[in-house]
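Trainee: Input: one structure, supplied below.
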Amino acid sequence: MLCVTLILIAIVSCGASEIRNAVGAEDFHIKVVSIESLKPNDDSRIVGGSPTSIQNFPYTVQILNNERFSCGGSILTTRHVLSAAHCYFRNGTFLGPEPFSIRAGATYLNEAGSVHSVSTIVIHHGYNRTITDNDVAVLVLATVLRFTVTIQRATIPFQGETLTDNSTVVAVGWGRTISGGEVSNVLNAVSVRTVNRGVCRQRYIEYASRLNSSATVTDNMICAGLLDIGGADTCQGDSGGPLIYNGTVVGITSWGAGCAQPLYPGVYAKVSRYTTWINDTVTTYNGSPRSQAGIIAVLMPFIFVLFRV
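Residue numbers (mature numbering (1 follows the signal peptide of the UniProt record, and there is no 0)): -16 to -1, 1 to 293.
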């Protein structure tokens, strides 16, 4: 009998070697920048949310589930997209890559751009569905993106970097413009400010206590909104999309209490906690479609099976 862990390691190692040898003209390097080198955002025109163009955020993509819009994502390379892990589960069950595709280079929902099937979904090994912690996933595309004025890779921060409180950030997506409403037909952008994590954590402790539920803000998260004002936030359908600081994707839209609530900011996965993991994942999963790799990627953290040899 042999533990599956050893078998999985062998499969991944062989695959990575094969991929590297076959890279050729494809570019699988992620773009990383120091937050300290960036100037603060000064664009206040989109406070409250307003339509924008994909040319302004060419790394933003629509995630389609059976050809229907479900979440957002950010382009990492010609074959990789960063998104939120919870987008790929339903009632606790991993949906696998088969129903998913992405639409890149499109301002409007389900119009224009280019559509690419997803061959592999790599869920972060620490993803906790109960509290939506480590809500990070990397999608591997079956076909290569062609960079244009409307399709570009995102820049992400170096591992461990942190934004100061009250920094102006921008969230974009095709999600609902009001809680429970319809998704937007056009890409929207909204300007908000980062909120001190301790303050955010305490607000959600009070929220969870009042509703007898769970709402935990961890060090892997960024909070952003217009605290005690409201009126600007991400909403349902924006999940997986980017939170941006001066052109750099610093957060992944994850969860929150309703939409644009004055007391409760939106919560985002903090990208700089995962830069190393993202880079390692891109390095490992960067070849042609391998459906088994998608299954292995999500099962490794959760199960152990014994094989007969």
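The C-beta atom is built at its ideal place from N, Cα and C for all residues, glycine as well.
Here's a check: name, in chain order, each residue in its chain whose Cβ is nearer than 8 angstroms to the Cβ of Gly231, leaving out the five neighbours to either side.
Mentor: Within the sequence shown, the letter at position 247 stands for residue 231. Only Leu22, Thr139 meet the Cβ criterion.
Trainee: Confirm, please, whether the CB-CB distance from Val17 to Leu60 is below 9 angstroms.
Mentor: The residue given as residue 60 occupies position 76 in the sequence shown. The residue given as residue 17 occupies position 33 in the sequence shown. Contact: no.
Trainee: Report yes if the CB atom of Leu227 is closer than 9 angstroms to the CB atom of Tyr191, and no otherwise.
Mentor: Looking up residue 227 in the sequence shown gives position 243. Looking up residue 191 in the sequence shown gives position 207. Going by C-beta atoms, Leu227 is not nearer than 9 angstroms to Tyr191.
Trainee: Assign Ser256 to one of two classes, buried (16 or more other C-beta atoms within 10 Å of its C-beta) or exposed (fewer than that).
Mentor: Residue numbering aside, residue 256 sits at position 272 when the sequence shown is read from its first letter. Burial state of Ser256 is buried, judged by a 10 Å Cβ sphere holding 16 or more other Cβ atoms.
Trainee: Run through the stretch 30 to 89 for me and flag every whole beta strand (DSSP E) of 3 or more residues, listed as ranges in chain order.
Mentor: List check, beta strand (DSSP E) in window: 44 to 49, 52 to 61, 64 to 67, 84 to 88.
Trainee: Below 8 angstroms, how does it come out for the stretch 105 to 117 and the stretch 130 to 150: are there three or more Cβ pairs, yes or no?
Mentor: no
Trainee: In whole angstroms, what separates the C-alpha of Thr127 from that of Val174?
Mentor: Here residue 127 corresponds to residue number 143 of the sequence shown, with the count starting at 1. Here residue 174 corresponds to residue number 190 of the sequence shown, with the count starting at 1. Between Thr127 and Val174, the C-alpha separation is close to 31 angstroms.
Trainee: Below 8 angstroms on the Cβ atoms is my guess for Asp203 versus Asn180; work out the distance and round it to an integer in Å.
Mentor: For the purposes of this step, residue 203 is taken as residue 219 along the sequence shown, with counting starting at 1. For the purposes of this step, residue 180 is taken as residue 196 along the sequence shown, with counting starting at 1. The Cβ separation is near 13 angstroms, so there is no contact.
Trainee: Considering only residues of the same chain and omitting the five flanking positions on each side of Ile19, which have a CB-CB separation below 8 angstroms?
Mentor: Your numbering for residue 19 matches position 35 in the sequence shown. Only Pro141, Phe142, Glu145, Thr146, Leu147, Tyr229, Thr232, Val234, Ser256 meet the Cβ criterion.
Trainee: With respect to the alpha helix (DSSP H) encompassing Ile262, which residues constitute its N-terminal and C-terminal limits?
Mentor: Looking up residue 262 in the sequence shown gives position 278. Note, Ile262: alpha helix (DSSP H), 259 to 268.
Trainee: Just reading off the alpha helix (DSSP H) that Leu195 is part of, what are its end residues?
Mentor: To locate residue 195, count along the sequence shown from 1; it is residue 211. Unbroken alpha helix (DSSP H) run through Leu195: 181 to 195.
Trainee: Just the C-alpha distance for Val124 and Ile86, rounded to the nearest angstrom, thanks.
Mentor: The residue given as residue 124 occupies position 140 in the sequence shown. The residue given as residue 86 occupies position 102 in the sequence shown. Val124 and Ile86: Cα-Cα distance of roughly 10 angstroms.
Trainee: Consult DSSP for Val102 and reduce its assignment to one of helix, strand or coil.
Mentor: Counted from its first residue, the sequence shown places residue 102 at position 118. Reduced to three states, the DSSP call for Val102 is strand.
Trainee: Around the C-beta of Ile38, are 16 or more other C-beta atoms found within 10 angstroms, so that it is buried, or is it exposed?
Mentor: In the sequence shown, the residue the question calls residue 38 occupies position 54. Buried.
Trainee: Flag this pair as yes or no: are the beta carbons of Tyr252 and His64 separated by less than 9 angstroms?
Mentor: Position 268 of the sequence shown, counting from 1, holds the residue named residue 252. Position 80 of the sequence shown, counting from 1, holds the residue named residue 64. No, the pair does not count as a contact, with Cβ atoms beyond the cut-off.
Trainee: Have a look at Gly97, Ala199, Arg130, Ala96 and flag the residue whose alpha-carbon is nearest the alpha-carbon of Thr114.
Mentor: Numbered from 1 along the sequence shown, position 130 holds the residue referred to as residue 114. Of the residues Gly97, Ala199, Arg130, Ala96, the one whose Cα lies closest to the Cα of Thr114 is Ala199.
Trainee: Could you tell me how far apart the beta carbons of Thr36 and Gly89 are, in whole angstroms, since I believe they sit closer than 8 angstroms?
Mentor: Residue mapping note: residue 36 aligns to position 52 of the sequence shown, counting from 1. Residue mapping note: residue 89 aligns to position 105 of the sequence shown, counting from 1. Between Gly89 and Thr36 the Cβ distance is about 14 angstroms, and since that is not below 8 angstroms, they are no contact.
Trainee: Quick one: using the 10 Å Cβ neighbour count with 16 as the cut-off for buried, is Ala96 buried or exposed?
Mentor: In the sequence shown, residue 96 corresponds to position 112, counting from 1. Answer is exposed; the Cβ neighbour count stays below 16.
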